[in-house]
DNA sequence: CTGTTAGCGCTTTCAA
DNA sequence: TTGAAAGCGCTAACAG
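Residue numbers (the working numbering), protein chains in the order written: chain A, -8 to 322; chain B, -8 to 322.
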């Protein structure tokens, strides 16, 4: 690997001059510049970003911590982050935590050691205590779907409570009374908020909700298993509000397993509007979340913090009810 | 940010001793080690990986270049890479190229500057010429689904030709004679191979294939548009073999648009077996590709190269025909 | 077991 | 417009 010194020798200039053309400073005579450029090409020289970063204190790397790429919720979000990061010459580290706080902490440690300029965390599951050293370390952080107080902290939020409330309203408007909540991770703030919105809406209408809450493992499989429990241990349900679409899809399969047809026997409503939602049978009624947009906004927020520009500390999106075929009028 | 020097001062040892405990060398008295560890904790010290890498010449970062996370083919592959990388303490840079050779080249440049230890490229689209400097630079490369000769090069391949051939055989066994090929990117080697397999199989059976080949833009939309063309400009087709599942799904929509029902009027077979394939209506007959496994294998190959261990330079997977509901007997 | 010194490849004063 | 020297935070010999 050729170094800046090799280029300098070959071009018969000092290393400082080479440095100047790398960072294209205007203080270089055109002819000199060309000589240097030529030498760089001939040597297939690539400036060492490590050495540069060591002195400039910026790596142009951002960390992106998510639960699992394989969950269809994330790819678009990732793409949003990557697109704006790339436009500004940043690279992104992708980190899958499987909603495991320990893994998350390990990643945060790794990212800090690698001196990333900032971190975006989607659905962080670590406790505030564990997060605290990082929070006070001054490294810019953007949380997606988690509210955290701190100086250099941005938040891209969803109105979880309100949306859950809306879900119940919609189901009730269809005549449903026995509604179950199929929850996500108990560690997640967003699950808490959606659950509370659900409960509040039920309480406001004097509807019973206890024992209808199942929280558990994520994904289609988790949804399947939890729904089976819900179905087997509770008075006949007529509707289920699921924490996310994958859970909802698992729920649909569980209903099929118990010979209940959706939506005739039981209505199911999801959350996220992933690609699959529009393609399964029955097509899933759900709440659309602007995943790509949120990724972009989170990355922009982070970049603004890095550039010491002004920025909104918090942006809240309101998911839009997207009615398809998995819910219907009862009686 | 505290440095190794701060820790040394606080623990009243030399920086070398701190360095020893960081890399946990055994040559440190237990009591000293504890003192150092304590100082590190109190300072919330994180070793600067940049400085370390500058001298050790390894970053424990690998680059992963793909077309688009948003294409359901990739998340599992990414996860496979990430899982084995992470197990060995590596981070991965995710790079989306949209099958654009220029973007790919820019990313390669960026990755080399950041001194990544190796790069995995899935479906690389750059020409050999453009790739050459990188190939000869000695940085370990693993290609997924592209054959490239080079010293430090590994390949994780699919039997594209054979699978395409099998697809035609299957369709012919169902009685089909007018079969179209719905192709992927003309820049991609894998598209070339699948097309050739398709052509060979048709020729071997004395079946006409000309004008039935459409190659174009990727994704559902590309599949939709291309299929419309295919349908409108050719003698009645009875079957389509698509380069990938997303294209196939677009094709299904195009058929619906032309009031052709699948599989009664036209059979469609895909490639990849993405999650969606089993969920759409009709459930897609396709070839299953071990995406997660391939990601793992690619990452392991790369890690072996980095560790100077022996390794298979090339592994070939044979996709498995997965029969579902999108193809049926004709006449 | 522990410390001193040099240097990784770059940028940054400060001079020339 | 160009260059010399110092230093970013760490590891690697080599002494002690």
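Cβ atoms here follow ideal geometry from the backbone N, Cα and C, with glycine treated the same way.
I want to see whether chain A comes within less than 8 Å of residue i, judged by CB atoms only; does it?
{"i": "residue 180/B", "result": "no"}
{"i": "residue 22/B", "result": "no"}
{"i": "residue 106/B", "result": "yes"}
{"i": "residue 262/B", "result": "no"}
{"i": "residue 69/B", "result": "yes"}
{"i": "residue 61/B", "result": "yes"}
{"i": "residue 167/B", "result": "no"}
{"i": "residue 83/B", "result": "yes"}
{"i": "residue 38/B", "result": "yes"}
What residues match up with residue i in a beta bridge as DSSP calls it?
{"i": "residue 232/A", "result": "172/A and 260/A"}
{"i": "residue 299/B", "result": "Paired residue(s): none; residue 299/B is not in a bridge."}
{"i": "residue 85/B", "result": "55/B"}
{"i": "residue 308/B", "result": "149/B"}
{"i": "residue 206/B", "result": "174/B"}
{"i": "residue 132/B", "result": "110/B and 144/B"}
{"i": "residue 279/A", "result": "263/A and 311/A"}
Is any beta-carbon of chain B found at less than 8 Å from that of residue i?
{"i": "residue 12/A", "result": "no"}
{"i": "residue 186/A", "result": "no"}
{"i": "residue 29/A", "result": "no"}
{"i": "residue 223/A", "result": "no"}
{"i": "residue 271/A", "result": "yes"}
{"i": "residue 120/A", "result": "no"}
{"i": "residue 254/A", "result": "no"}
{"i": "residue 303/A", "result": "no"}
{"i": "residue 128/A", "result": "yes"}
{"i": "residue 300/A", "result": "no"}
{"i": "residue 212/A", "result": "no"}
{"i": "residue 124/A", "result": "yes"}
{"i": "residue 356/A", "result": "Past the boundaries of the shown model lies residue 356/A; chain A is included only from -8 to 322, so the question cannot be answered."}
{"i": "residue 44/A", "result": "yes"}
{"i": "residue 7/A", "result": "no"}
{"i": "residue 284/A", "result": "no"}
{"i": "residue 103/A", "result": "yes"}
{"i": "residue 323/A", "result": "Outside the modelled stretch of chain A, which goes from -8 to 322, sits residue 323/A, for which no answer is possible."}
Pull up the CB-CB distance for residue i and residue j, whole angstroms please, since I reckon it's below 8 Å.
{"i": "residue 148/B", "j": "residue 305/B", "result": "6 Å"}
{"i": "residue 60/A", "j": "residue 290/A", "result": "Not a contact, Cβ separation roughly 17 Å."}
{"i": "residue 71/A", "j": "residue 283/A", "result": "4 Å"}
{"i": "residue 163/B", "j": "residue 229/B", "result": "Their Cβ separation, rounded to whole angstroms, is 11 Å, which puts residue 163/B and residue 229/B out of contact at 8 Å."}
{"i": "residue 231/B", "j": "residue 171/B", "result": "5 Å"}
{"i": "residue 69/B", "j": "residue 57/B", "result": "7 Å"}
{"i": "residue 151/B", "j": "residue 181/B", "result": "5 Å"}
{"i": "residue 293/B", "j": "residue 131/B", "result": "6 Å"}
{"i": "residue 335/B", "j": "residue 26/B", "result": "Since the displayed chain B opens at -8 and closes at 322, residue 335/B lies outside it and no answer follows."}
{"i": "residue 143/B", "j": "residue 129/B", "result": "6 Å"}
Would a C-beta distance cut-off of 8 Å place residue i and residue j closer than the cut-off?
{"i": "residue 243/B", "j": "residue 259/B", "result": "yes"}
{"i": "residue 53/A", "j": "residue 107/A", "result": "yes"}
{"i": "residue 345/B", "j": "residue 239/B", "result": "This structure leaves residue 345/B out entirely; chain B is present only between -8 and 322."}
{"i": "residue 126/B", "j": "residue 114/B", "result": "no"}
{"i": "residue 31/B", "j": "residue -2/B", "result": "yes"}
{"i": "residue 233/B", "j": "residue 213/B", "result": "no"}
{"i": "residue 187/B", "j": "residue 226/B", "result": "no"}
{"i": "residue 45/A", "j": "residue 45/B", "result": "yes"}
{"i": "residue -7/B", "j": "residue 90/B", "result": "no"}
{"i": "residue 155/A", "j": "residue 192/A", "result": "yes"}
{"i": "residue 263/B", "j": "residue 223/B", "result": "no"}
{"i": "residue 105/A", "j": "residue 40/B", "result": "yes"}
Just mark residue i as buried or exposed, buried being the case when its beta carbon has 16 or more other beta carbons within 10 Å.
{"i": "residue 99/B", "result": "buried"}
{"i": "residue 254/B", "result": "buried"}
{"i": "residue 247/A", "result": "exposed"}
{"i": "residue 179/B", "result": "buried"}
{"i": "residue 137/A", "result": "buried"}
{"i": "residue 159/B", "result": "buried"}
{"i": "residue 111/B", "result": "buried"}
{"i": "residue 249/B", "result": "exposed"}
{"i": "residue 268/B", "result": "buried"}
{"i": "residue 63/A", "result": "buried"}
{"i": "residue 280/A", "result": "buried"}
{"i": "residue -4/B", "result": "exposed"}
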